[in-house]
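Position 150 of the sequence shown, counted from 1, bears residue number 150 in UniProt numbering, the numbering being contiguous throughout. So the structure is just underneath, and the comments pick up after that.
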Amino acid sequence: MLPAIKLVGISCRTNNLAEMEPATAKIGATIQKYVALSTKIKHDKPSTTYCVYTNYESDFRGDYTYFIGKEVAEFNNIPAEFDTLIIPAQNYTKFTTEPGSMPMVCIEMWKKIWNMNSEELGGPRKYLADFEIYDQRATNPEHAVLDVYIGINH
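In structure tokens form, the structure reads like this:
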């Protein structure tokens, strides 16, 4: 079981169908806004960005909240333009991508996960929170490696 993780960042509400169409996609714009604002986050864990999928309406076909941010030790003096989120302590199955170009390396990993059954995932998906970690292995967008953590019932 992973412990809870406190994050400061920004979020949007979306779904995977909307993200397939440039006219309705929100995640790309949210990432761009976050990159512009992220230097204002104080007391963060440098060089690591978290992208969290939470507040699921149902499963991967329904609406969810996408949150991008950095880990912090505490929620003190948070600038007004930021949201806070606690990734809940729960059991996760970790998947690590092969090196590849962003965003395709991420999209391809999620497509694999969506097609996995409970046994392949290590248990039924919980749909409480899932997240990606972008660290020093993801600094080159043409050769990025990231970890995807899927919340499961154990």
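Every residue gets a Cβ at the ideal spot worked out from N, C-alpha and C, and that includes glycine.
- Per DSSP, the continuous beta strand (DSSP E) segment holding residue 64 begins and ends at 64–71.
- As a beta-bridge residue in DSSP terms, residue 51 pairs with 68, 132.
- Beta-bridge partners of residue 9 (DSSP): 69, 83.
- Around the beta carbon of residue 30, a 10 Å sphere encloses 16 or more other beta carbons of the protein chains shown; the residue is thus reported as buried.
- For residue 8, the closest C-alpha among the options 39, 64, 25, 27 is that of 39.
- For residue 127, the three-state secondary structure derived from DSSP is strand.
- For residue 112, the enclosing alpha helix (DSSP H) has its first and last residue at 104–114.
- When the beta-carbon positions are compared, residue 144 and residue 99 come within less than 8 Å of each other.
- For residue 68, the closest of 41, 62, 58 by C-alpha to C-alpha distance is 41.
- In the DSSP assignment, residue 33 falls within the alpha helix (DSSP H) that extends over 27–37.
- Nearest neighbour of residue 63 by Cα position, chosen from 109, 13, 71, 70, turns out to be 13.
- For residue 19, the uninterrupted alpha helix (DSSP H) run begins and ends at 16–19, by DSSP.
- C-alpha of residue 84 to C-alpha of residue 73: approximately 12 Å in a straight line.
- By the Cβ rule, the segment 90–99 does not count as touching the segment 12–27, because fewer than three pairs are nearer than 8 Å.
- For residue 2, the beta-bridge partners assigned by DSSP are 90.
- Around the beta-carbon of residue 112, fewer than 16 other beta-carbon atoms lie within 10 Å, marking it exposed.
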